[in-house]
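Structure first, then comments.
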Amino acid sequence: MSYRADITIIGAGVIGLAIASQVTREGREVYVLEKRETFGQEQSSRNSEVIHAGIYYERDSLKTKMCLEGNGLLYELCEKNGIAYKKCGKIIVATNDIEAEELEKLYRRGNDNGVPLKMLSRREISQLEPNIRGTTAFFSPTTGIVDSYALMRYLIGKARDNGTQIAYKAKVIGIEKVLGEYKVKVEDLSGDFSFMTRVVINCAGFYSDKVAEMVGINIGEANYKLHWCKGEYYSVSGGRNKLINRLIYPVPMGISVGVHVCLDVSWRLRLGPLFYYVNEISYKVDDSRKKAFLDSSIMKTLPFMEPADLEPETSGVMAMLQGEGEGFRDFIIRHEYDRGFPGFINLIGIESPGLTSSPAIARYVSHLVNELLES
Ligand SMILES: Cc1cc2nc3c(=O)[nH]c(=O)nc-3n(C[C@H](O)[C@H](O)[C@H](O)COP(=O)(O)OP(=O)(O)OC[C@H]3O[C@@H](n4cnc5c(N)ncnc54)[C@H](O)[C@@H]3O)c2cc1C
137 MSYRADITII GAGVIGLAIA SQVTREGREV YVLEKRETFG QEQSSRNSEV IHAGIYYERD
197 SLKTKMCLEG NGLLYELCEK NGIAYKKCGK IIVATNDIEA EELEKLYRRG NDNGVPLKML
257 SRREISQLEP NIRGTTAFFS PTTGIVDSYA LMRYLIGKAR DNGTQIAYKA KVIGIEKVLG
317 EYKVKVEDLS GDFSFMTRVV INCAGFYSDK VAEMVGINIG EANYKLHWCK GEYYSVSGGR
377 NKLINRLIYP VPMGISVGVH VCLDVSWRLR LGPLFYYVNE ISYKVDDSRK KAFLDSSIMK
437 TLPFMEPADL EPETSGVMAM LQGEGEGFRD FIIRHEYDRG FPGFINLIGI ESPGLTSSPA
497 IARYVSHLVN ELLES
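Put into structure tokens, the structure is as follows:
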């Protein structure tokens, strides 16, 4: 690694890699710094791998805009580059009158967002999914699943082919603005070193608030402080995956889209994630929350499921801007010139639907970077 860069990306999760694959081009020196031993070891490899359709959030939010654009771009990317995916669709199911009312609202929101959706009668529900139960439901044909590891492998290959240099076990421990550029201090196996860069793109996931703080942004005033929310998954045994033809979701009634049927591209069935806020990152899962799984709304839609089919499996932790009991917060994707940091771009709170949005976020950030470097 030579010690001067045009663009430095902090974090090799799906967001940092998608951005690297877009911003790298001839004549630009682009570095990705990743503190772990390889790419995608945090949120990007511990999620539901769902390609979301853009149903859940307000039309004007970045979450909706990025998700809608990302949905189309991601299917195209997968199709062209042999990345495993399934456009299997999903059904959101209500099991009582209160949920039915919320389902109706969600359907209207999805429609407002321009997402193709179809309301289903009871008869249509049982035609599509003979083994599930529900009073009303709607179908989202553009929801799907992607192999997130294969996606990241493709992105890293593209970034490297274009000339990006990726350093693992390289933790950013300080950033200082010097004469309109940035001095980045890195800790690696050989000790500490620093280099200068014109642009910094902060994609540090759980620690993106801390990275923003390093350069001198007051994260309290900016409202950038992150909260961690752990989501647990339970595996489902007994060949139950053969009883389901697509993703099945409950009507969301809390902080997330709710414990749902997760299927991966090889049709492995799990239930989850069951979310709760935590103060430290640990991926340990035991069966202490099994009762909450059994009581979750999704279980009412899956009458064939027996308690003994469910075993604690994995978990993921999401970096969220909204704390416990707080309302909606949007993605933060921001060039910080007006805070006195031209060339510093923050991506904070890129939680779900971040995986789906990754190609659209990369395009968005690439425009910001082009304006910066070519103006
Ligand atoms: C349980 C769960 C379920 C989800 N389900 C879905 C879904 O179905 N569909 C969907 O679209 N999205 C989903 N998401 C959201 C999606 O996973 C995230 O939005 C996405 O992975 C965020 O990627 P990232 O690159 O920003 O973060 P990360 O993957 O966390 O990457 C950040 C990287 O930065 C590195 N880093 C941090 N600090 C430093 C430092 N100081 N120096 C160097 N490197 C550093 C980390 O090691 C890490 O590799 C889910 C998330 C979770 C947790």
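Here the numbering used here is used: the first residue of the sequence shown is 137, the next is one more, and so on.
Glycine included, every Cβ here is placed at the ideal spot set by N, Cα and C.
Model, not experiment: these values are computed from the prediction.
Mind checking whether the beta-carbon of residue i lies closer than 7 Å to any heavy atom of ligand 1?
| i | result |
| --- | --- |
| N482 | no |
| M454 | yes |
| Y318 | no |
| F342 | yes |
| I417 | no |
| R182 | yes |
| P448 | no |
| E212 | no |
| K171 | yes |
| E487 | yes |
| L287 | no |
| T333 | no |
| A189 | no |
| A496 | no |
| I77 | Missing from the structure shown is residue 77; the chain here goes from 137 to 511 and no further. |
| V397 | no |
| I151 | yes |
| L204 | no |
| P388 | no |
| E178 | yes |
| C339 | yes |
| E185 | yes |
| K307 | yes |
| P277 | no |
| V229 | no |
Measuring alpha carbon to alpha carbon, tell me which residue in the options is nearest residue i.
| i | options | result |
| --- | --- | --- |
| I268 | Y419, R258, N354, L438 | L438 |
| V229 | N506, D466, S433, Q458 | S433 |
| G327 | I309, V186, Y419 | I309 |
| P489 | G280, Y343, Q301 | G280 |
| G463 | S418, G452, E194 | E194 |
| G459 | L379, W364, S184, L446 | W364 |
| M288 | A154, E235, I384 | A154 |
Taking the straight line between their C-alpha atoms, what separation do you get for residue i and residue j?
| i | j | result |
| --- | --- | --- |
| M137 | G163 | Low local confidence applies: a pLDDT of 49 at M137 is under 50, so the model's placement there is unreliable, with the coordinate-based value given in what follows. So the two alpha carbons sit approximately 15 Å from each other. |
| A512 | R465 | Because the chain spans 137 through 511 in this model, residue 512 falls outside it and cannot be assessed. |
| N415 | G394 | 21 Å |
| C214 | D445 | 33 Å |
| V401 | E317 | 44 Å |
| L379 | S502 | 43 Å |
| G356 | P443 | 44 Å |
| I468 | E487 | 10 Å |
| F331 | A306 | 13 Å |
| S171 | S494 | Sequence check: residue 171 is Lys here, not Ser. Distance between the alpha carbons of K171 and S494: 20 Å. |
I think residue i touches residue j, with their Cβ atoms under 8 Å apart; what is that distance to the nearest whole Å?
| i | j | result |
| --- | --- | --- |
| V351 | K313 | 7 Å |
Open item on the list: Suppose only complete runs of 4+ residues qualify. What are the alpha helix (DSSP H) ranges in the region 322-368, listed by chain order?
Closed with: 344-351, 355-358
- [ ] Write down every uninterrupted run of the beta strand (DSSP E) in the region 393-469 whose length is 3 residues or greater and which is fully enclosed by it, in chain order.
- [x] Whole beta strand (DSSP E) segments, 3+ residues: 396-399, 405-414, 446-456.
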